[in-house]
Amino acid sequence: MRLSIPQPLPELVESKFTAAEASKTLIFSATDVCVIRTTAGIPFQLRYCPALAKKPKSQNDDPQSTPKKKFDPFETPPEDLFIADLPGPDPANASHILVLNKYPVIRDHVILATKQNKPQTHLLESDDLAATYAVLREWDEQKTSATGAGSSAGGRMFAFFNSGEHSGASQPHRHIQFLPVERMSEGGQTAGWDLLVDQIVAAGQDSKDSKDFLNNPALPFAHFASRLPPNPSPAELHAVYASLYTRALEFVKKHIASAPQSASFTLHSTENGDAAISYNMAMTRDALVIAPRRSGGDVLKGSDGEELEMVELNGTMLGGTLMVKAQEQWDLLRKDERVLTRLLESVGLPWGKGEGEKQ
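Numbering-wise, our numbering comes out as the position in the sequence shown, counting from 1, plus 270.
Structure below.
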């Protein structure tokens, strides 16, 4: 799939973002950023955004309110947030739309949503993956062309997808999100940080029982990665995705079978076409990664044992970044690397013997 849009994608996104921010259609929240590490030394960005803790609760979040149809931000997005129909430009033939995130903490955060309201909990289709790759390629090629092939000022996109109740997903209308990697490095002390997808592939090892996927045993949660061929076809993309999802599903089944005491963690019903597991997917032009999830977040405990607010993680964890809204969380995660490791272990699944870990 190739995009047909009126101007280079980075230029289009940046101009729309600036205009939407000026009109206050888009609310950008700045964050403090630093780099923290797991006990194995893997770097993660930690973002602190107290402004989001003050965000008013919507009526849909109030259990005492009268039930209303959940608002779909992708059904008729405001013109200020709308970027393009894809592959474009004819809306009647579009499979997806590209819009700005209304409440970003990283500039130029964009969202690819299906034109029709398809479920976020269903498996991705070939055209979803083809459109995702097309956005990644368009951004990369245009940024490289604008800055020069050898320039360090060039840009890449990081794509992520949240599916299932434990994945950090918040909208039921199918959508995949994108963050410019160079924007992720702005706003704080980020020296020593690299995109986690890149780290997984660079340090990845073939699985103990299969060469179908790569994993980095130093990460405290199960994940399944594969390098992508240059300019993959929609069928090739879907084959990689389906293979990694199948491996993740098999891993979850083994985990449940080996831990019957964890009765609260079960497979999702597939009766309505939903995927059997919660998971996050991440994609760059070079690789695709899937990580199964068993929890949307975890409650941190202070040094005195007092419980703090829950820290929630979504697919940005596969980019090597997470965000907190409270000072106590920010301080604790910066102080003790064991806290980050335990958090990642709690939201993902631990590696079992014979798969993923070094023996």
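Just so it is clear, CB atoms sit at the ideal spot from N, CA and C, and this is done for glycine as well.
DSSP-derived helix/strand/coil call for residue i
{"i": "Phe-491", "result": "coil"}
{"i": "Gly-457", "result": "coil"}
{"i": "Asp-397", "result": "helix"}
{"i": "Asp-342", "result": "coil"}
{"i": "Asn-387", "result": "coil"}
{"i": "Ala-552", "result": "strand"}
{"i": "Met-580", "result": "strand"}
{"i": "Val-471", "result": "helix"}
{"i": "Thr-594", "result": "The identity of residue 594 in the sequence shown is Val, whereas the question assumes Thr. If DSSP states are grouped into helix, strand and coil, Val-594 belongs with the strands."}
{"i": "Asp-544", "result": "strand"}
{"i": "Gly-434", "result": "coil"}
{"i": "Met-427", "result": "strand"}
{"i": "His-538", "result": "coil"}
{"i": "Gly-462", "result": "coil"}
{"i": "Gly-622", "result": "strand"}
{"i": "Ala-439", "result": "coil"}
{"i": "Ala-557", "result": "strand"}
{"i": "Val-375", "result": "coil"}
{"i": "Thr-295", "result": "coil"}
{"i": "Ser-513", "result": "helix"}
{"i": "Leu-406", "result": "helix"}
{"i": "Met-587", "result": "helix"}
{"i": "Asn-501", "result": "coil"}
{"i": "Glu-349", "result": "coil"}
{"i": "Ser-274", "result": "coil"}
{"i": "Ala-250", "result": "Only positions 271 to 629 of the chain appear in this structure, which leaves residue 250 out of reach."}
{"i": "Ala-310", "result": "coil"}
{"i": "Ser-616", "result": "helix"}
{"i": "Asn-330", "result": "Legend: pLDDT at Asn-330 = 49, less than 50; position of this residue unreliable, value from coordinates given subsequently. Helix at Asn-330."}
Endpoints, the alpha helix (DSSP H) within which residue i is located
{"i": "Met-633", "result": "This structure cannot settle anything about residue 633, because the visible part of the chain is limited to 271 through 629."}
{"i": "Gln-599", "result": "597–605"}
{"i": "Ile-288", "result": "One point to set straight first is that residue 288 is Thr, not Ile, in the sequence displayed. Segment 279–292, the alpha helix (DSSP H) holding Thr-288."}
{"i": "Ala-529", "result": "No alpha helix (DSSP H) holds Ala-529; DSSP gives it neither H nor E."}
8 Å contact criterion, which residue i and residue j should meet: CB distance rounded
{"i": "Leu-279", "j": "Trp-409", "result": "5 Å"}
{"i": "Ile-367", "j": "Leu-356", "result": "7 Å"}
{"i": "Thr-301", "j": "Gly-457", "result": "6 Å"}
{"i": "Glu-582", "j": "Gly-567", "result": "4 Å"}
{"i": "Pro-562", "j": "Asp-464", "result": "Incorrect: roughly 23 Å between the Cβ atoms, too far for contact."}
{"i": "Thr-554", "j": "Val-467", "result": "5 Å"}
{"i": "Leu-619", "j": "Phe-521", "result": "7 Å"}
{"i": "Leu-382", "j": "Val-405", "result": "6 Å"}
{"i": "Ala-492", "j": "Ala-473", "result": "In fact, because the Cβ distance is near 16 Å, the residues do not count as touching under 8 Å."}
{"i": "Arg-453", "j": "Asp-397", "result": "With a Cβ gap of about 27 Å, Arg-453 and Asp-397 do not count as contacting."}
{"i": "Ser-365", "j": "Ala-323", "result": "Going by Cβ atoms, the distance from Ser-365 to Ala-323 rounds to 37 Å, so no, they are not a contact pair."}
{"i": "Gly-675", "j": "Tyr-511", "result": "An answer regarding residue 675 cannot be provided, because it is not within the stretch 271 to 629 covered by the chain."}
{"i": "Gln-390", "j": "Thr-591", "result": "So it is not a contact: roughly 21 Å between Cβ atoms."}
{"i": "Ile-275", "j": "Ala-354", "result": "5 Å"}
Counterpart residues of residue i in DSSP-defined beta bridges
{"i": "Ala-354", "result": "Leu-368"}
{"i": "Gly-567", "result": "Glu-582"}
{"i": "Ile-446", "result": "Leu-382"}
{"i": "Pro-562", "result": "Tyr-549"}
{"i": "His-392", "result": "Asp-544"}
Unbroken beta strand (DSSP E) run spanning residue i, endpoints
{"i": "Asp-302", "result": "302–307"}
{"i": "Leu-316", "result": "313–318"}
Any C-beta of chain C under 8 Å from that of residue i
{"i": "Gly-434", "result": "Note that chain C does not occur in the displayed structure, where there is just one protein chain."}
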